[in-house]
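The sequence shown begins at 51 in my numbering and counts up one residue at a time.
For each residue, glycine too, the CB sits at the ideal point set by N, CA and C.
These numbers were taken from a predicted model, which means no experiment stands behind them.
Take a look at the structure set out below.
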Amino acid sequence: MKSAGLIPNEEPKTKDHASPFPLEQGKPMMGAIVSTKYGSPDVLQLREVEKPTPKEGEVLIKVHAATVTAADGMMRKGIPYYGRLFLGLTKPKNPTPGTGFAGMIESVGKEVGQFKAGDRVFGEVIFGAGTNAEYTIVPEEGVLAIMPDNRTWSEAAPVCDGALTSLNFLRNLANIQRGQKVLINGASGGLGTSAVQLAKHFGAEVTGVCSSENVEMVESIGADEVIDYTKEDFTKNGSTYDIIYDTVGKSSFARCKGSLTEKGIFVSPVLSLALLLQMIWTSKFSNRKAKFSATGILPVAKLRTLLLELKGLFETGKLSTVIDRTYPLEEVPEAHRYVDKGHKKGNVVITLD
């Protein structure tokens with residue numbers, strides 16, 4: 051396991067590495083994390099599985115970096131239970147976890163015209179083959195884009211996990227405007243670090259909320275003010291905000307209502323029954339609104355448009371990736387244990403170089 055802070059722009063690694071998993075009975079094999087049931091990180095095991103072959107309209111990607119997120123932990127546990135309608139009722143429908151990735155296209159299926167073997171790409175797998183593996187399959191028309199030349203695998207892999215969701219919440223859901231006051235609760239996490247940078251990009255005055263040890267880091271990525279939640283409750287300090295983005299689901303519309311301006315908006319990616327009821331009630335009877343979006347199930351074309359927008363910000367340095375720790379593929383269970391603690395700073399990355 052390795053630790054890091056804000057990853058600098060270093061020369062990307064392009065050297066390929068031979069898989070430790072050889073041909074077996076004439077079939078190409080690969081290493082992959084596999085989970086055959088819901089549960090603790092112990093259900094995640096490194097196994098030798100058959101290497102996939104791209105079908106028509108698909109590309110085969112050699113994964114160089116992938117991610118482990120809080121959402122991955124929830125999917126591993128099958129919680130909330132209604133999520134199993136998409137993931138599998140009694141066990142994971144797709145046994146390999148992971149959504150965000152960066153890697154190199156090894157081969158393409160028939161009728162693929164936008165990409166070719168050797169392209170460096172990044173993106174996200176939506177309800178498909180997981181990315182905590184040596185190889186993954188992605189549709190050509192999926193959430194996939196060419197990587198900027200000035201960014202590394204580890205920098206690119208987390209973009210869809212944090213920044214894409216935060217862009218959807220701030221711009222599409224909350225309609226962020228220049229000059230607005232925006233508070234990011236959980237500003238030091240994967241969603242939070244990208245949200246702070248995106249809100250600044252849109253011209254907002256940004257307040258981040260985090261623990262004492264992360265105050266300096268949140269300031270370094272552009273927050274105008276940082277509140278240490280161990281010393282101050284932002285809902286009781288008298289300040290009001292046009293947007294409150296609760297990235298970690300630790301607050302609620304009810305608690306934050308008094309901290310919103312007259313037409314303020316509370317948004318959170320963590321759906322609860324309380325938030326659902328507040329969304330329904332505020333849509334009819336309140337100027338202050340509570341909103342939620344399941345970013346991962348938006349139309350793929352919309353997600354891809356968001357990714358291409360982020361690519362421009364990523365390439366020009368207006369959006370940087372904060373990385374807390376990196377783990378090799380065989381230590382994915384340990385990465386899940388760390389993320390489950392709820393104290394990661396930015397992103398946790400799996401490296402396969």
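Which of helix, strand or coil DSSP assigns to residue i
i: residue 110; result: strand
i: residue 59; result: The pLDDT assigned to residue 59 is 36, lower than 50, so where the model puts this residue is not dependable, and the model offers no usable value.
i: residue 390; result: helix
i: residue 91; result: helix
i: residue 252; result: coil
i: residue 218; result: helix
i: residue 176; result: coil
i: residue 131; result: helix
i: residue 126; result: helix
i: residue 77; result: strand
i: residue 183; result: strand
i: residue 165; result: coil
i: residue 374; result: strand
i: residue 319; result: coil
i: residue 151; result: strand
i: residue 304; result: helix
i: residue 213; result: helix
i: residue 369; result: coil
i: residue 361; result: helix
i: residue 65; result: Interpretation of residue 65 is limited by its pLDDT of 40, a score under 50 that renders its predicted location unreliable; the figure taken from the coordinates is listed afterwards. Coil, per DSSP.
i: residue 86; result: coil
i: residue 353; result: helix
Sub-8 Å separation of residue i and residue j beta-carbons
i: residue 177; j: residue 219; result: no
i: residue 179; j: residue 187; result: yes
i: residue 147; j: residue 86; result: no
i: residue 83; j: residue 379; result: yes
i: residue 232; j: residue 254; result: yes
i: residue 165; j: residue 197; result: no
i: residue 116; j: residue 237; result: no
i: residue 299; j: residue 119; result: no
i: residue 273; j: residue 248; result: no
Nearest-angstrom beta carbon gap, residue j and residue i [assumed within contact, 8 Å]
i: residue 242; j: residue 285; result: About 17 Å separates the two Cβ atoms, so there is no contact after all.
i: residue 235; j: residue 259; result: 5 Å
i: residue 345; j: residue 215; result: 5 Å
i: residue 256; j: residue 265; result: Not confirmed; about 14 Å, so no contact.
i: residue 303; j: residue 325; result: 7 Å
i: residue 317; j: residue 341; result: 5 Å
i: residue 280; j: residue 261; result: 6 Å
i: residue 338; j: residue 361; result: The Cβ separation is near 34 Å, so there is no contact.
i: residue 89; j: residue 127; result: 7 Å
Sequence-distant residues of the same chain with beta carbon closer than 6 Å to residue i, five excluded per side
i: residue 130; result: none
i: residue 67; result: Low per-residue confidence applies at residue 67: pLDDT is 45, beneath 50, and the placement is therefore not dependable, though the value from the model is reported in the following sentence. Within the same chain, residue 67 has no close Cβ partners at all.
i: residue 62; result: Confidence at residue 62 is low in this model, with a pLDDT of 38, below 50, so the placement of that residue should be treated as unreliable; the coordinate-derived value is given next. Hits under 6 Å: 202.
i: residue 106; result: 159, 160 and 161
i: residue 287; result: none
i: residue 368; result: 251
i: residue 64; result: Confidence in residue 64 is poor, its pLDDT being 39 and thus under 50, which makes the residue's placement unreliable; the coordinate value appears in the next sentence. Counting only Cβ-Cβ distances below 6 Å, and skipping sequence neighbours, we find nothing.
i: residue 390; result: 123
i: residue 351; result: none
i: residue 332; result: 339 and 340
Best match in the options for proximity to residue i [C-alpha to C-alpha]
i: residue 91; options: 381, 399 and 403; result: 381
i: residue 375; options: 367, 369, 384 and 368; result: 384
i: residue 396; options: 330, 361, 334 and 271; result: 271
i: residue 315; options: 322, 141, 306 and 321; result: 306
i: residue 100; options: 115, 77, 112 and 117; result: 77
i: residue 122; options: 170, 222 and 174; result: 174
i: residue 222; options: 387, 348 and 279; result: 348
i: residue 93; options: 355, 133, 104 and 141; result: 141
i: residue 151; options: 125, 132 and 193; result: 193
i: residue 358; options: 334, 132, 217 and 125; result: 217
i: residue 343; options: 355, 329 and 334; result: 329
i: residue 153; options: 170, 263 and 95; result: 170
i: residue 311; options: 278, 336, 350 and 244; result: 336
i: residue 377; options: 371, 370 and 388; result: 388
i: residue 394; options: 350, 139, 263 and 104; result: 263
7 Å Cβ shell around residue i - same chain, five flanking residues per side excluded
i: residue 309; result: 284, 285, 289, 290, 291 and 294
i: residue 275; result: 257
i: residue 364; result: 198, 201 and 209
i: residue 190; result: 107, 108, 109, 162, 164 and 165
i: residue 96; result: 81, 83, 379 and 380
Residue-level contact to chain D via CB, residue i, 8 Å cutoff
i: residue 179; result: No chain D is part of this structure, which consists of one protein chain only.
Nonlocal neighbours in the same chain, by C-beta distance under 8 Å from residue i, ignoring five residues either side
i: residue 184; result: 69, 71, 80, 81, 82, 101, 112, 113, 379 and 402
i: residue 229; result: 253, 254 and 255
i: residue 156; result: 110, 111, 112, 167 and 185
i: residue 149; result: 117, 119, 121, 122, 174, 175, 176, 180, 181, 210, 211 and 346
i: residue 124; result: 130 and 133
i: residue 386; result: 91, 94, 118, 122, 123 and 126
Near the ligand PLP: residue i beta-carbon under 7 Å from a heavy atom
i: residue 188; result: Looking for the ligand PLP in the displayed structure turns up nothing, as the structure carries no ligands at all.
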